[in-house]
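A.B. asks:
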Amino acid sequence: MIINKLSILLFFPFLTFSCTSEEKGKLPDSAFYNNTGSALTQEQQAAFDALNTLQTSTDEMNRLYSTFVKPSYPADTSFEVSQSELRAFMEQFIYEHCQNLSPEIQNQLAKTAVLAQKKYTVLHCTENRSDIDYDKGLPMTGTWVIPNILNRRDVILVW
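Number 22 in the numbering used here belongs to position 22 of the sequence shown; there are no gaps in the numbering.
#1: DSSP on residue 63, reduced to helix/strand/coil?
#2: Tell me residue 150's beta-bridge partners as DSSP assigns them.
#3: With distance defined between alpha-carbon atoms, name the residue in 145, 106, 66 nearest to residue 120.
#4: Around the C-beta of residue 41, are 16 or more other C-beta atoms found within 10 angstroms, so that it is buried, or is it exposed?
#5: Quick one, are the C-beta atoms of residue 81 and residue 152 less than 7 Å apart?
#6: Which same chain residues, not among the five before or five after residue 67, have their C-beta less than 7 Å away from its C-beta?
#7: Flag residue 50 as yes when its Cβ comes closer than 6 Å to any non-hydrogen atom of the ligand GTP, and as no otherwise.
#8: With H, G and I counted as helix, E and B as strand and the rest as coil, what does DSSP make of residue 82?
This is the structure we're talking about:
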């Protein structure tokens, strides 16, 4: 009983001090975001706006989402696609997973969402499937991670 009271008396000032004192060497919040400092063009900003809209418009949650740039992903393979190729994939993805949007809005979002870059790297996570045949074209299965878009974000598509 006395030990409990003594430990509380010793621990309480330490807890109070640690919770109210400023952390030395603390990184500013901006250090956790990889912002290149360069302004986005109107097309690039429109692409990010379209991706934001898509993130909240999928029929099921977490089918398409953005995350901070460069977390580690255990991809099974990767490939590079052009802006026009990614647009075709986005059209298919949006058609399948954003059925609550009108066809006109689906097409506009697919067209706009790919404007940030001319080429994209796609990391493909196959979920250990062995029946994937890349000779028949790029599979619209598993999870696609499109990393490091303009050094600002990664986009994940869950087919």
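Ideal placement from N, C-alpha and C gives every residue a C-beta, glycine not left out.
C.D. replies: So, from the listed chains and residues:
#1: Look at residue 63 here: in three-state DSSP terms it is coil, with no helix or strand label.
#2: The partner list for residue 150 (beta bridge, DSSP) is empty, contrary to what the question assumes.
#3: When only C-alpha atoms are compared, the closest one is 145.
#4: Flag for residue 41 reads exposed.
#5: No, the Cβ-Cβ distance between residue 81 and residue 152 is not below 7 Å.
#6: Only residues of its own chain outside the window of five on either side were considered, and among them 153, 154, 156 have a CB closer than 7 Å to the CB of residue 67, listed in chain order.
#7: Absence of the ligand GTP from the depicted structure is noted, as is the absence of any ligand whatsoever, leaving it without description.
#8: Residue 82 falls in the strand class under three-state DSSP.
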